[in-house]
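As structure tokens, the structure follows; a few thoughts come after it.
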Amino acid sequence: MNDVMGNRISIDADAINRMLDEKIEIKLLLSNCVSCGLCSGTCFYYKKTKDPESTPSFKALNSMGLLFRKKGKISPKDLDRMKSLIWGKCVLCGQCRCPIGVSIPSIIAWARAICRSQGVCENYADSPMGA
Amino acid sequence: MTFITIISVYDFLVKYMMIASLVIAGSGVILKGLRMIRSSRYALSHRDGENNSTRIRWSPESTAWASRQFTITERLYLRFKNSLFYKNPSIMAVTVIFHLLMILVPFFIQAHAILVFQYFGIRFVWLNDRLIILMTLIVLGMIVIMLARRFMLDSVRAITGWREIGLLITVSLPFVTGLMCYFQRGEYEIMIVLHILCAQILVVMLGWSRMGHAILFMFSRLFIRGTHSLSGNAREWGRKLNE
Numbered sequence: 001m002n003d004v005m006g007n008r009i010s011i012d013a014d015a016i017n018r019m020l021d022e023k024i025e026i027k028l029l030l031s032n033c034v035s036c037g038l039c040s041g042t043c044f045y046y047k048k049t050k051d052p053e054s055t056p057s058f059k060a061l062n063s064m065g066l067l068f069r070k071k072g073k074i075s076p077k078d079l080d081r082m083k084s085l086i087w088g089k090c091v092l093c094g095q096c097r098c099p100i101g102v103s104i105p106s107i108i109a110w111a112r113a114i115c116r117s118q119g120v121c122e123n124y125a126d127s128p129m130g131a
Numbered sequence: 001m002t003f004i005t006i007i008s009v010y011d012f013l014v015k016y017m018m019i020a021s022l023v024i025a026g027s028g029v030i031l032k033g034l035r036m037i038r039s040s041r042y043a044l045s046h047r048d049g050e051n052n053s054t055r056i057r058w059s060p061e062s063t064a065w066a067s068r069q070f071t072i073t074e075r076l077y078l079r080f081k082n083s084l085f086y087k088n089p090s091i092m093a094v095t096v097i098f099h100l101l102m103i104l105v106p107f108f109i110q111a112h113a114i115l116v117f118q119y120f121g122i123r124f125v126w127l128n129d130r131l132i133i134l135m136t137l138i139v140l141g142m143i144v145i146m147l148a149r150r151f152m153l154d155s156v157r158a159i160t161g162w163r164e165i166g167l168l169i170t171v172s173l174p175f176v177t178g179l180m181c182y183f184q185r186g187e188y189e190i191m192i193v194l195h196i197l198c199a200q201i202l203v204v205m206l207g208w209s210r211m212g213h214a215i216l217f218m219f220s221r222l223f224i225r226g227t228h229s230l231s232g233n234a235r236e237w238g239r240k241l242n243e
């Protein structure tokens, strides 16, 4: 997998771990998520596509949740999958609601920041809306 | 001999294991609470002597336009319309009834009230047995609905693992064994031991599993500043600045 500049990606697990330590509250929030799926009813993207992978909690658990589970030691394939979830299936509109108060947009935003730190982000020039 | 053994097991469970499970659960709850406090800090607007002019924050000024535009009734309606009760009323009704009864039922059972009186000398009120049975059946019905929802809805099935199913089954076990004890189904002595064990496992899980959402819920919805906070304004997520 290549980064946004076209270079081959090498994942820096230490850098990821440092970023994970900065937001330890996200680990706390995710460890208390009961996966009720109520957030899906508030996501316009899920309501439009009915794609189970666009459920807000699915995106949070498979981005930051995955990073915490693997302690930052993820593969480029994981990173690519994360990219398609947090950029491809979320616009960070902030409309998702969690009954126990998990702030899903902040989780997705931090997952994006971690991806960017590894050189992975949405290449808007290649997207249908691109230049 | 077997009867004597069961009696001693019962005594052991009610006396020592009960205290042990409460201590284990309590330590988990305290640890969780400390983690929440450590992961949060006083909201910027509450800290004196700091320059917070650059930070966009929720203030009376920023909501002044809303105060002028909408009446209190309209604002309450808007809040309701944006809540999960409006977006998904059926499952919200199920979950509210389930949580309410799950907490209330154990406190108002006659047998539990007698136990509390025997061990602590505290008199407690209890509800009619028929009403308690009805409430227990409602709790079990709600668990069945939630389990069915996990398998039937694609969006929920995608995030369902063995932990979520295990959690629901663990919650249902004390109610099922309790009903079996009341109706004297199966070997009563074994059933009562199972009932106490299941309840103690549930208590321990409150401190050491996802069941901890009961505590996090109060913290995140009442104390933490955020869009979905009910009245929380005092704290915000993030470590202390000097850490």
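Residue numbers (my numbering), protein chains in the order written: chain A, 1 to 131; chain B, 1 to 243. We treat Cβ as the ideally placed atom computed from N, Cα and C, and that holds for glycine.
At a Cβ threshold of 8 Å, is residue i touching chain A?
i                  : result
Phe-217 of chain B : yes
Thr-73 of chain B  : no
Tyr-77 of chain B  : no
Lys-87 of chain B  : yes
Trp-208 of chain B : no
Ile-91 of chain B  : yes
Ile-224 of chain B : yes
Arg-35 of chain B  : yes
His-213 of chain B : yes
Thr-170 of chain B : no
Ser-40 of chain B  : yes
Trp-237 of chain B : yes
Ser-220 of chain B : yes
I want to see whether chain B comes within less than 8 Å of residue i, judged by CB atoms only; does it?
i                  : result
Arg-69 of chain A  : no
Phe-58 of chain A  : yes
Arg-116 of chain A : no
Arg-97 of chain A  : yes
Arg-112 of chain A : no
Pro-52 of chain A  : yes
Glu-122 of chain A : no
Thr-55 of chain A  : yes
Val-91 of chain A  : no
Ser-85 of chain A  : This sequence places Leu at residue 85 of chain A; Ser is not what is there. No, because no Cβ of chain B sits closer than 8 Å to the Cβ of Leu-85 of chain A.
Gly-88 of chain A  : no
Met-82 of chain A  : no
Ile-100 of chain A : yes
Taking Cβ to Cβ, would you say residue i is nearer than 8 Å to residue j?
i                  : j                  : result
Arg-210 of chain B : Ser-31 of chain A  : yes
Phe-199 of chain B : Pro-174 of chain B : Per the sequence shown, the amino acid found at residue 199 of chain B is Ala instead of Phe. Going by C-beta atoms, Ala-199 of chain B is nearer than 8 Å to Pro-174 of chain B.
Val-116 of chain B : Phe-124 of chain B : yes
Lys-27 of chain A  : Phe-68 of chain A  : yes
Ile-104 of chain A : Cys-39 of chain A  : yes
Pro-76 of chain A  : Ile-16 of chain A  : no
Cys-33 of chain A  : Leu-66 of chain A  : no
Ser-155 of chain B : Gly-37 of chain A  : yes
Lys-89 of chain A  : Tyr-45 of chain A  : yes
Leu-202 of chain B : Val-171 of chain B : yes
Lys-23 of chain A  : Trp-87 of chain A  : no
Ser-39 of chain B  : Trp-208 of chain B : no
Val-105 of chain B : Met-135 of chain B : yes
Using three-state DSSP, classify residue i as helix, strand or coil.
i                  : result
Trp-126 of chain B : coil
Arg-235 of chain B : strand
Ile-132 of chain B : helix
Arg-221 of chain B : helix
Val-14 of chain B  : helix
Arg-69 of chain A  : helix
Ile-114 of chain B : helix
Tyr-124 of chain A : coil
Arg-55 of chain B  : Annotation note: pLDDT 47 at Arg-55 of chain B (below 50); position unreliable, coordinate value reported separately. Correct three-state label for Arg-55 of chain B: coil.
Arg-41 of chain B  : strand
Gly-186 of chain B : coil
Is it buried or exposed, residue i, if we count other Cβ atoms within 10 angstroms and call 16 or more buried?
i                  : result
Gln-69 of chain B  : exposed
Arg-116 of chain A : exposed
Ala-25 of chain B  : buried
Pro-89 of chain B  : exposed
Met-152 of chain B : exposed
Asn-128 of chain B : exposed
Val-23 of chain B  : exposed
Gln-118 of chain A : buried
Ile-103 of chain B : exposed
Ser-84 of chain A  : exposed
Under 7 Å from any heavy atom of the ligand GTP, does the C-beta of residue i make it?
i                  : result
Ser-220 of chain B : The ligand content of the structure shown is nil, which means the ligand GTP is not present either.
Run through the region 160 to 213 of chain B for me and flag every whole alpha helix (DSSP H) of 4 or more residues, listed as ranges in chain order.
162 to 182, 188 to 208
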